[in-house]
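One structure is given here, and the rest of the page talks about it.
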Amino acid sequence: MTKDKELKSQVLLSERDIATKVRRLAFEILEHSGDEQLFFVGIHKRGVILAERVRDILKKEKQEIPLGTLDITLYRDDLDNLGTNPAIESSDIPFEVDGAHIVLFDDVLFTGRTIRAAIGNLIDYGRPSKIELAVLIDRGNRELPIHADYCGHEIKTTKQEYIRVRFREMDDEEGIYLLK
Amino acid sequence: MEPRKDLLDIESLSSEEIEFLLKTAGPFKDLFEKSVKKVPTLRGKSVLTLFYEPSTRTRSSFEIAAKRLSADVTNFSVAASSVVKGESVLDTVDTLQAMKVDYIIVRHPASGIPNLIAKHANASVVNAGDGFHAHPTQALLDAFTLREVFPKSARKRVLIVGDILHSRVARSTSTLFRKLGVEVGVLGPGGLIPDGKPKEFKVFRSFDEAFEWKPDLIYLLRIQLERQKAQFFPSLHEYHQVYGVTNERFARVEKEGIWIMHPGPVNRGVELVDNVMRYERCLINQQVENGIATRMAVLYWLKPQTSSREAEVEV
Amino acid sequence: MSKPTLYRGGKIASEGSSRLRTADVVVDKGIITQLGAGLRAPRGSDVIDCGGKLLMPAMFDVHVHLREPGREDKETIRSGSEAAINGGVTGIVAMPNTDPAIDNGGLVQSVMDIAAEKARIPVFTSGCITRRRAGEELAAIAEMKEKGALIITDDGSPVCDPLVLRRAMEYAREFGLILASHCEVMELSGNGAMNEGRVSYQLGIPGIPACSEEICLDRDIRLAQHTRAHVHIQHVTTARGMETIRRFKKEGVKVTCEVSPHHLIFNEEDIRDYDSSYKMNPPLRTKDDNKRLLKGLIDGVFDVIATDHAPHTEFEKNQDFGSAPFGITGLETAVISLFHHFIRSGKFGWDLLVKRYSAEPRRLMGLPEAKIAKGEKAEFLVFDPHGTTRFTKQYMRSKSSNTPFLDQELEGAIDRVVLGNKVLVDRMKRARGK
């Protein structure tokens, strides 16, 4: 947190902006999938919250969407660079992955490495018919050929900048900030 | 939490580290339900099992744990005849250093050998049992199993029965249990209950006396009859009569709903009668399963000093 | 070396008084020719400024292992005697557990011959009680005595059979030989490698119970009482054992005993991380034993301090704790470590060190004491209490470096060791050009 204090913080999206973006994200997904049965998977931790919000919006519009959660720590390729390894959450995929049309959720899309790890992780559960990606923010700077199928907000950033996402469910406040 | 290179004993673990390991073992156990039980976490790392004492179970458990983390596993067999001298152990360490192994899982009949290896190797050293000293992964899997049964383990009562003096399992497991707030009682032949044991241990003279203490769980240790002339007890038969879970005692165990643990392998008719193995509160098989998850958590947690990336940074 | 030397302004330590007296000392042709305040330097003499330093009689160690013959890779009579000199010790008694064991007159003679040729200080030897130290038949005791053996001992092992020990005592008594006892009941020690107790349990190292030493000690003194022989109990480590000795001394039994610096300074708690440089036999006991042994030393239960200097190669010591051999070196660290741990803080005075590690050991062996007095032979050391010593392998002269003090820096430094007309060690920093 001390690191944050040294940085200049700029509000990127307010609570109301986020609500609008999430709603639009939800309806884009609805438009694309029509009546098809979807399965959501959120990446720990804020990807899970995003997936839950989208699911709740679509509750009235679509049949029930099962939601799984994924901790991709064990699939990361940068553990050697960490001092200590992070704690692991249980991954919970409460549906049959084989043949499922899965939408993967994360809050921020950056280098693409997290998504690569998540796809690798999902495939170990079975063979989905399709995996799509939904993110709230795409900040560019990809290091792998990965793109978002659904994106709430795009912004150009440098690698040194930092995007902080705050969701009320876990942070007691709501907002997305750009830290320089 | 500071990064750790080695796991040598339980005493040196902080409560934060213990909680981390017990918590991390959970998600690893969940993996066993997946169609692919493997994760790529340790891809490209090499794990070497260095066993100077035969133990198919522990070695296999580590091997499976390492493989499920996608590490390469090599079993370094040391012929029983060429064993003993610590010096040859250090020679072996030099060889392993040259092989650039990342993790060394070591079992040795002499106490302190893993400490010696850890001092001389960049690889992470996991003590898989040394002499009478420690068996930390056994303790962790026991604690994990205990937590599955009693999510709040504090003030639960565990009675450890058997050879407290020579058992590294008893040392490590009791130490960890006490760190988790468990009350530990011990029962066994007089010479096998050492004076140097922790003062907090409650010592019982008989099973009847121990039953009155209302243990929640009985941990039976594997017993071996000493082949030396000065025995600690006269015969395995008498041991069973006095310190074994006989049919009669099993009836009481069942009636009072006491859980049973044993590090394996079991001597049927000595530590316990056969029926106990089919008892629904017998956790012996669960301990084996949890052993793999716990050892995965240990391998995940340790940080070997063999990473080439670090070396690049230094240059 | 024909020039006289004036040691100016040093404080003189002696066994008789805890007070240090400042005096100048003139040594000429190996003899202390003058002693007093404000002495004038004789013509053409060297003047050594000893301001702030101490002069004390050089030490004598009745218990050292020189490993020659047999294990010259660990130590030789030459390297061991050089280690002694480096530690301010100018006389030593070698233990006979060499290979072959010193159990006859010929071997005693050969050790004496080598010592005469290779050592710069008097090196004495002991002889075995039993042949090959096997505990069965008596060794050639009279023959060894005649060739110069000062005491007899099977050190490293006890004489297990009490009848054999009784016979040895009865026999040795007639030659006025002291019988030195390594006290241990082998069956109780078993494969133990450290004190039996809480720490041995924690480390999973088989223990050696205190009673293993105490039972044997009791037996040996009672046999000495019965046979009227002089028994010397080596390396006492337990307070209870010490109390037994105190009691029998009061009863008039001819029993003397020794304590080692390491049993005063270290205890079982120091054996962390299986460091085999804390492994010796008898083992380090408890913190409480440290305290009570120290008190016993001050009370006078212990006749002498002796190091049980036991060199081993790094190769052997670098094994697991259980497999590494017993023993640590001590000659080079004794004086400085005793200063560092006890004298510096006033636990005991210089007089005690001089009495127990210089005067009494020589008296026990029937040798004249080293004294700083007019007309006496010069046999003293110059000690700098403000200096420090780091016990590096470079500093030490022993072939082995199996000591817990390895690479440690302690307070105190031995600046000079003088024996007769020779300066054996000279680390004095002298002002040049004057």
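Chains as they are written, first to last, in the numbering used here: chain A, 1 to 180; chain B, 181 to 495; chain C, 496 to 929. Quick reminder that beta carbons are idealized off the backbone N, C-alpha and C, glycines included.
| Query | Result |
| --- | --- |
| Taking the alpha-carbon of residue 106 of chain A as reference, which of A/116, A/98, A/99, A/143 has the nearest alpha-carbon? | A/116 |
| Could you tell me whether the Cβ atoms of residue 199 of chain A and residue 139 of chain A are closer together than 7 angstroms? | Because chain A in this structure spans residues 1 to 180, residue 199 of chain A falls outside the shown range and cannot be described. |
| I want to verify the contact list: residues of chain A whose CB lies under 7 angstroms from the CB of residue 200 of chain B, in sequence order. | 87 |
| For residue 889 of chain C, is the classification buried or exposed, using 16 other Cβ atoms within 10 angstroms of its Cβ as the cut-off for buried? | exposed |
| Give a yes or no on whether 7 angstroms exceeds the smallest Cβ distance from residue 540 of chain C to chain B. | no |
| Could you check whether the Cβ of residue 214 of chain B sits closer than 7 angstroms to any Cβ belonging to chain A? | yes |
| If contact means a Cβ-Cβ distance below 9 angstroms, which residues of the segment 299-327 of chain B contact chain C? | 299, 310, 311, 312, 313, 314 |
| Just list the alpha helix (DSSP H) runs in the segment 597-663 of chain C, keeping only unbroken ones of 4 residues or longer that don't cross its boundaries, in chain order. | 600-613, 636-642 |
| Is the segment 181-200 of chain B touching the segment 88-98 of chain A in the sense that three or more CB pairs, one from each, lie closer than 8 angstroms? | no |
| Whole beta strand (DSSP E) runs in the segment 377-445 of chain B with 3 or more residues, listed along the chain? | 382-384, 397-400, 439-441 |
| Using DSSP's beta-bridge definition, name the partner residues of residue 304 of chain B. | B/283 |
| Kindly give me the distance between the Cβ atoms of residue 397 of chain B and residue 326 of chain B, rounded to whole angstroms, as I take these residues to be in contact under 8 angstroms. | 7 angstroms |
| Give the range of the alpha helix (DSSP H) segment to which residue 706 of chain C is assigned. | 705-722 |
| Check the Cβ of residue 84 of chain A against every Cβ in chain B and list those closer than 9 angstroms, keeping chain order. | 181, 182, 183, 184, 200, 481, 483 |
| If you measure between the beta carbons of residue 253 of chain B and residue 245 of chain B, is that distance less than 7 angstroms? | no |
| Can a CB atom of chain E be found closer than 7 angstroms to the CB of residue 370 of chain B? | Absence of chain E from the displayed structure is noted, the protein chains being A, B and C. |
| Are at least three pairs of beta-carbons, each pair with one atom in the segment 120-127 of chain A and one in the segment 214-234 of chain B, less than 8 angstroms apart? | yes |
| Measure the C-alpha to C-alpha separation of residue 180 of chain A and residue 9 of chain A and round it to an integer number of angstroms. | 7 angstroms |
| Less than 7 angstroms between the beta carbons of residue 307 of chain B and residue 289 of chain B, yes or no? | no |
| Taking contact to mean 3 or more Cβ pairs, one atom from each stretch, closer than 8 angstroms, check whether the segment 848-862 of chain C and the segment 775-782 of chain C are in contact. | no |
| Is the Cβ of residue 422 of chain B closer than 7 angstroms to any Cβ of chain A? | no |
| From the beta carbon of residue 193 of chain B, is the nearest beta carbon of chain C less than 7 angstroms away? | no |
| Using only alpha-carbon positions, find the residue among B/299, B/425, B/206 that is nearest to residue 453 of chain B. | B/425 |
| Between the segment 219-242 of chain B and chain A, which residues of the former have a C-beta closer than 8 angstroms to a C-beta of the latter? | 219, 220, 221 |
| Does the segment 196-212 of chain B come into contact with the segment 509-517 of chain C, if we say contact requires no fewer than three beta-carbon pairs (one atom in each stretch) closer than 8 angstroms? | no |
| Unbroken beta strand (DSSP E) runs of length 3 or more, entirely within the segment 529-571 of chain C: which are they? | 541-544, 549-552, 554-559 |
| With 7 angstroms as the limit, tell me which residues of the segment 105-132 of chain A have their beta carbon closer than that to any beta carbon of chain B; keep them in chain order. | 120, 124, 125, 126 |
| Measuring alpha carbon to alpha carbon, tell me which of C/918, C/884, C/899, C/594 ends up nearest residue 905 of chain C. | C/884 |
| Residue 68 of chain A bridges to which residues according to DSSP? | A/41 |
| Kindly indicate the opening and closing residues of the alpha helix (DSSP H) around residue 51 of chain A. | 46-58 |
| To which residues does DSSP link residue 151 of chain A through a beta bridge? | A/135 |
| Quick check on the burial criterion: 16 or more other C-beta atoms within 10 angstroms. Buried or exposed for residue 261 of chain B? | Residue placement at residue 261 of chain B is flagged as unreliable, the pLDDT there being 47, under the threshold of 50; the coordinate-derived value follows with that caveat. Residue 261 of chain B is exposed by the Cβ-count criterion. |
| By the 10 Å Cβ neighbour count, where 16 or more other Cβ atoms means buried, how is residue 465 of chain B classified, buried or exposed? | exposed |
| Which ranges would you report for the beta strand (DSSP E) in the segment 313-360 of chain B if only whole runs of at least 3 residues count? | 337-341 |
| Going by DSSP, what residue range makes up the alpha helix (DSSP H) through residue 209 of chain B? | 195-211 |
| In angstroms, rounded to a whole number, what distance separates the CA positions of residue 174 of chain A and residue 159 of chain A? | 24 angstroms |
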